[in-house]
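Report on the structure given below.
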Amino acid sequence: MALHFELVTPVKLIRSEEVHMVVVPGAEGEFGVLEGHAPFMSTIRDGAVQVYKTAGSAPETIEVRGGFAEVGENGLTVLAEHVEG
Amino acid sequence: MASLKELKGRINSVKSTQKITKAKQMVAAAKLRKAQAAAEAARPYAERLSTVMGSVAGKIAGQDNAPLLLRGTGADQRHLLVVANSDKGLAGAFNSNIVRAALSKARELREQGKDVEFYLIGRKGRAPIRRAFPSNIGKMFDTTDVREPGFNEAERVATELMEMFEAGKFDVAHLFFSRFKSALAQIPTEQQIIPVPAPKVAAASDAAVEYEPDEEEILAELLPRYLKTQIFGALLENQASEQGASMTAMDNATRNAGELIKKLTIQYNRSRQAAITTELIEIIAGAEAL
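Just so you know, the sequences run in chain order A and B. Per full-length UniProt numbering: the first sequence = residues 1 to 85. Per full-length UniProt numbering: the second sequence = residues 1 to 290.
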């Protein structure tokens, strides 16, 4: 029941891990991605991506700029030009 | 015949040159490893982006409302040649190969009656291109203030190119750089970057993908990013190529210096022997005369 989450910048692959849920600041509002999400593509506005490792845990936030999210069969991929922290 | 002292001097000078080339070779080897790692690290992003581009662009390409960057201006008159070089020499034919590829393309375009303009990245391409096309150099992008051109530089170049394109300064842009094949082989490569060549359409996506906002807007946002990634990729390839070329060139130089030293040493020893023999003969002749 884990979602495969990848965060990639032009410089390197920052994250590639199994998580519970990721909340992404989409261009038209935040959306949460759980496992088994329908195929989906969205641009991201600059802001924080929240990563929930397990169901009840506190989210880990990652600041991204210039991003793009893709949900496919093999999980969620966030492409970001810049990642802070 | 050179005197002993002169020979000794030459041997020493070749030896110190050899030390320099050897050091440069080792530095290049270390940097090559780093550059290769950087190129490796950049691959996932580039791959994913082109897959996404492929699936989105496939749906939109050919339509009239496709973004300008994808569609082009419709003309094919003014060409911009973006030439990526390094800032430092001592890399064998690395820079001159890229310049040669760019110049031959420029001549070909000029023979077809097209307008040619150059956009130069890096310092080493400036002089030879200015010699061949003194009046066609549009802009020189300076990378001497950073140690290694990275994504920020690629971003600045891409932004500048897109501004020029939107201002209608050119119709087609080509990028020249050196593709890294191995430490021994780097291939000067030409690639059209604007209008963005439609990426290969990915095998018809199975599931209906939802887009937010719609496809066109996503594509409009993806194209500049795609361009940046292409330029960034080229800069990375260039860096790896430069270090590879430098390593090979310096390896050759070190070996040649070694051969030269060997030859000079033999010559030195021969002259020394000759001098000793002459001295002995003189002494013996003197003793016999008594």
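Glycine is no exception: its CB is placed at the ideal position from the N, C-alpha and C atoms. In this text the structure is predicted, and so the values were computed from the model without any measurement.
Item, Value
"Beta-bridge partners of Phe-68/A, as assigned by DSSP", "Thr-43/A and Leu-79/A"
"Range of the contiguous alpha helix (DSSP H) that encloses Phe-232/B", "215–289"
"Simplified DSSP state of Arg-147/B, which is helix, strand or coil", "coil"
"Three or more C-beta pairs below 8 angstroms linking the region 226–234 of chain B and the region 9–23 of chain B", "no"
"Environment of Asp-145/B [buried if 16+ CB atoms lie within 10 Å]", "exposed"
"Whole runs of the alpha helix (DSSP H) within the region 125–186 of chain B, excluding any shorter than 4 residues", "126–132 and 151–166"
"Cβ pair Val-51/A, Val-22/A closer than 8 angstroms", "yes"
"Interfacial residues, the region 23–48 of chain A to chain B, with Cβ spacing under 7 angstroms", "Gly-26, Ala-27, Glu-28, Ala-38, Pro-39, Phe-40, Met-41, Ser-42 and Thr-43"
"Residue of Leu-223/B, Tyr-211/B and Ser-178/B minimising C-alpha distance to Pro-197/B", "Leu-223/B"
"Contacts that Glu-81/A makes with chain B (C-beta to C-beta distance below 8 angstroms)", "Phe-151, Glu-155, Arg-225 and Lys-228"
"C-alpha distance - Glu-221/B paired with Gly-54/B, whole-angstrom precision", "14 angstroms"
"Three-state secondary structure assigned by DSSP to Pro-197/B", "coil"
"Touching by the beta-carbon criterion (3+ pairs, under 8 angstroms), the region 145–161 of chain B and the region 44–59 of chain B", "no"
"Span separating the alpha-carbon of Gly-168/B from that of Ala-75/B", "11 angstroms"
"Contact set between the region 108–123 of chain B and chain D, restricted to residues whose Cβ is under 8 angstroms from the partner", "Considering every chain present, this structure includes no chain D. Its protein chains are A and B."
"Chain B within 8 angstroms of Glu-84/A, Cβ atoms only", "no"
"First through last residue of the beta strand (DSSP E) which encompasses Arg-78/B", "78–84"
"Cβ neighbours of Gly-26/A in the same chain (closer than 8 angstroms, five flanking residues each side left out)", "Ser-42, Thr-43, Ile-44, Arg-45 and Ala-69"
"Residues near residue 299/B by beta carbon distance below 6 angstroms, same chain, minus five either side", "Outside the displayed range of chain B (1 to 290) lies residue 299/B, so it cannot be described from this structure."
"Assigned exposure category for Thr-143/B - 16 Cβ within 10 Å defines buried", "buried"
"Host alpha helix (DSSP H) of Ser-96/B (start-end)", "94–111"
"Within 8 angstroms, strictly: CB atoms of Leu-32/B and Ala-158/B", "no"
"Residue-level contact to chain A via CB, Pro-44/B, 8 angstroms cutoff", "yes"
"Residue-level contact to chain B via CB, Phe-68/A, 8 angstroms cutoff", "yes"
"Reduced DSSP secondary structure (H/G/I, E/B, other) of Val-14/B", "helix"
"Chain B contacts made by the region 4–19 of chain A, where a contact means CB separation under 7 angstroms", "Val-8, Thr-9, Pro-10, Val-11, Lys-12 and Leu-13"
"Limits of the alpha helix (DSSP H) - the one that Leu-70/B falls within", "68–71"
"Beta carbon of Asp-171/B nearer than 8 angstroms to that of Arg-255/B", "no"
"When Gly-150/B, Arg-107/B, Leu-69/B and Ala-249/B are compared against Glu-163/B, the one with the closest alpha-carbon", "Leu-69/B"
"Pair within 8 angstroms by beta-carbon distance, Ala-91/B and Ala-245/B", "yes"
"Three-state class that DSSP yields for Gly-58/B in the structure shown", "helix"
"Contact under 8 angstroms by Cβ, Leu-3/A with Glu-18/A", "yes"
"Outcome for Thr-77/A when other beta-carbon atoms lying within 10 angstroms are tallied against a minimum of 16", "buried"
"Chain-order list of residues whose beta-carbon lies under 8 angstroms from that of Met-247/B (same chain, five-residue window excluded)", "Gln-25, Ala-28, Ala-29, Leu-32 and Ala-183"
"Per DSSP, the bridge partner or partners of Leu-120/B", "Val-83/B and Met-140/B"
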